[in-house]
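Engineer: Sharing a structure here in structure tokens format.
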Amino acid sequence: MQHSRIAGFSLFEMLVAIGLIGILAAIAFPSFAAYTTPFRVQSAGREVYSALQDVRQQSITRGRRTRFQISGQDSYTLLWEDGNTWRTIRGPLKLDKDVRVVSSGGDLTFQPRGTVSPMTTLTISDSTNPEHRLVISVPITGLIRIREGGG
83 MQHSRIAGFS
93 LFEMLVAIGL
103 IGILAAIAFP
113 SFAAYTTPFR
123 VQSAGREVYS
133 ALQDVRQQSI
143 TRGRRTRFQI
153 SGQDSYTLLW
163 EDGNTWRTIR
173 GPLKLDKDVR
183 VVSSGGDLTF
193 QPRGTVSPMT
203 TLTISDSTNP
213 EHRLVISVPI
223 TGLIRIREGG
233 G
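With positions in the sequence shown counted from 1, the corresponding number in the working numbering is that position plus 82.
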């Protein structure tokens, strides 16, 4: 009796192939994680920039002071002044994992004309790789600018 050979993989060959794929994935994963860091920082930077623009516009529209309040290093809240009380517009809003925001001057308070006090610089960075960072400058005029790096 003659047996025909059926094309296919043996269990051993399949396990070896899966093992090799696992080893290659383990080698590639740290590189992929490092590749995504700048994108997380950029995304968080755009988010904070938009929130600052929003809270400034709210101040002008409402004719009242508004505030961008940093809570810890990874979240912020947008507030507006109602008499002697600060009320929440939005927040607290949390940034992506490992992304931090640090203010040079504390919370930012926008006046009804769109100006701000104090003049502040916000630095957004990844705690695992601080060389990837964005800097948002908010001078007293309230005109918000964003740039890469820290220089």
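Positions of the beta carbon are idealized from the N, C-alpha and C atoms, including for glycine. None of the values given here were measured: they were computed from a predicted structure.
(1) Whole angstroms are fine: how far does the CA of Gly104 sit from the CA of Ser132?
(2) Please look up how many angstroms separate the CB atoms of Val130 and Leu204, rounded, as I've assumed it's under 8 Å.
(3) Between which residues of its own chain and Ser209 is the CB-CB distance below 7 Å, once the five residues before and five after are set aside?
(4) Between which two residues does the beta strand (DSSP E) containing Thr202 stretch?
(5) Hey, could you find the ends of the beta strand (DSSP E) Asp180 is sitting in?
(6) What does the Cβ neighbour count give for Gly127, buried or exposed, with the cut at 16 atoms within 10 Å?
(7) Evaluate Leu177 with the Cβ neighbour count: other Cβ atoms within 10 Å of its Cβ, from every protein chain shown; 16 or more gives buried, anything less gives exposed.
Structural biologist: For this structure:
(1) 41 Å
(2) 6 Å
(3) Asp180, Arg182
(4) 202 to 208
(5) Element bounds for Asp180: n/a, residue is neither H nor E.
(6) buried
(7) buried
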